[in-house]
Amino acid sequence: MGMMSREKSRRRPAMAVLLAVLLMLALAGCGGVGTGAQTEEDKVVAVCSSMNRDLSRALTDDFANRTGIIVEFEPLASQGLIQRLDALSRSTVDVWMGGTAEEYYRAGERKMLVPYHPVAAANIPPEYQDREGQWTPLSIDRIALLSNRNVTDRLHVRPPETWIELLQPVLHKETVMAVPEAGGASYGMITTLWQLRGRDKALQYAGLFRTQEPVYVPTDSKAAYAVFRGDKAVAVLPLRHARMLEKEHRFLNAVAVKDGNKNLITAAAILQRGKHRKAAERFMEYLLSPEAGRIMLDYGFTPLTGALDRQDRTVKDRMPVCNDDLRWAATEKQNIIKTWLNAM
133 MGMMSREKSR
143 RRPAMAVLLA
153 VLLMLALAGC
163 GGVGTGAQTE
173 EDKVVAVCSS
183 MNRDLSRALT
193 DDFANRTGII
203 VEFEPLASQG
213 LIQRLDALSR
223 STVDVWMGGT
233 AEEYYRAGER
243 KMLVPYHPVA
253 AANIPPEYQD
263 REGQWTPLSI
273 DRIALLSNRN
283 VTDRLHVRPP
293 ETWIELLQPV
303 LHKETVMAVP
313 EAGGASYGMI
323 TTLWQLRGRD
333 KALQYAGLFR
343 TQEPVYVPTD
353 SKAAYAVFRG
363 DKAVAVLPLR
373 HARMLEKEHR
383 FLNAVAVKDG
393 NKNLITAAAI
403 LQRGKHRKAA
413 ERFMEYLLSP
423 EAGRIMLDYG
433 FTPLTGALDR
443 QDRTVKDRMP
453 VCNDDLRWAA
463 TEKQNIIKTW
473 LNAM
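So the sequence shown is numbered by the numbering used here: it starts at 133 and just counts up by one.
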């Protein structure tokens, strides 16, 4: 009996170690991007997106193929921020991707987001991240001017590269952009000049720009189309959008604005009312994976995991880029836009 008792006591620590190892392996299998053991909660994730629909589809399809998780995908309609946040606050979608930093800031204020820190976020420069991890940056962009060379040649002016050049009399009624309420490059123009030059000088510029009678349209796509058709000479757009159009059409010219720019951040976040938290976390991890990064690059997006590519670093180094006061830009948005548009 004494012999058997001693043998059993020796086996117990070994069994405990074995069980601990098996538990760690099981957890690792559930947490990665690849397939592994899944609970019922892991089998579905609902994703909505406010960025390029084809890119969104490519990402969600690739994630589904790699993990076996069913993705219920819903593109978000173009609408005002308040209407969008109201709709999302009632939704049971798990992940919202494609929004701007300002949009996620407002969503965070409304307690709509779940903090989560993907492992790969450690490779992203801290100035692009939310300290509390309420949203995760995916891609960075700049503000660009897209010009139609046929129109600028007819007007005997070179394609503009600066905000100052948009004030040339020859470009009266020739600038088109999305309404500032849409965010992105059009609102970025306002906050960039305001933060780099100060309120008074920014509003002085706004008054002069107003006399140029720029045309405001609902979306960046409509602004780009007006320039493509030759109805307008120049559009204010995200740089990636402008460069893709320039690549497809030789008569278009895209350039990052040289006398003041900003970081246009595209991000993703887990929504509070979502039903599939574990699957949502796996999708967030996937969005920062090398596989997702390659897909983003195919669509002209610069993934923020790792160092910024040489081209974007060069852009930043040779032009002033504002450090965004996100709280101000997000919470005061309507007042900022109203003041800008009414500047004399």
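Idealized CB from N, CA, C, for every residue including glycine.
Nearest Cα to lysine 407 within the set Ala196, Val203, Phe195: Val203. The beta carbons of isoleucine 272 and asparagine 395 sit closer together than 8 angstroms. Counting C-beta atoms within 10 angstroms of its own C-beta, leucine 298 has 16 or more neighbours from the protein chains shown and is therefore classed as buried. When C-alpha distances from histidine 304 are compared across Val289, Glu464, Ser353, Asp218, the shortest belongs to Val289.
Counting only residues of its own chain and dropping the five nearest sequence neighbours on each side, tyrosine 260 has a CB closer than 7 angstroms to the CB of Pro269, Ile272, Asn395, Ile397, Leu436.
Sequence-distant partners of threonine 351 (beyond 5 residues in either direction) whose C-beta falls short of 7 angstroms from its own C-beta, in its chain, are Ser210, Ala310, Ala314. Using a C-beta cut-off of 8 angstroms, the stretch 238 to 247 makes no contact with the stretch 418 to 428, since fewer than three inter-stretch Cβ pairs fall below that distance. Counting only the Cα atoms, isoleucine 402 lies some 20 angstroms from proline 258. The three-state reading of DSSP puts proline 258 in helix, counting H, G and I together.
Where isoleucine 402 is concerned, the enclosing beta strand (DSSP E) starts and stops at 396 to 403. Of Ile322, Lys333, Gly316, Glu345, the smallest CA-CA separation from valine 302 is found for Glu345.
Taking a C-beta distance under 8 angstroms as the contact criterion, leucine 278 and alanine 399 do not qualify as a contact pair. Cβ-Cβ separation between alanine 317 and valine 368: approximately 5 angstroms, consistent with a contact (criterion under 8 angstroms). Contact annotation: lysine 410 and aspartate 174 have beta-carbon atoms nearer than 8 angstroms.
Within a 10 Å sphere around the beta-carbon of arginine 263 sit fewer than 16 other beta-carbons, which makes this residue exposed. Exclusion of the five residues before and after alanine 276 leaves Ala317, Val368, Leu369, Pro370, Leu371, His373, Ala374, Arg375, Ala386, Val387, Ala388, Val389 as the residues of its chain whose Cβ lies within less than 8 angstroms of its Cβ. By the beta-carbon neighbour count (other beta carbons within 10 angstroms, threshold 16), serine 182 is buried.
In terms of Cα proximity to asparagine 393, the closest of Trp295, Gly231, Asn280 is Trp295.
In summary, lysine 470 is exposed, with fewer than 16 beta-carbon neighbours lying within 10 Å of its beta-carbon over all protein chains present.
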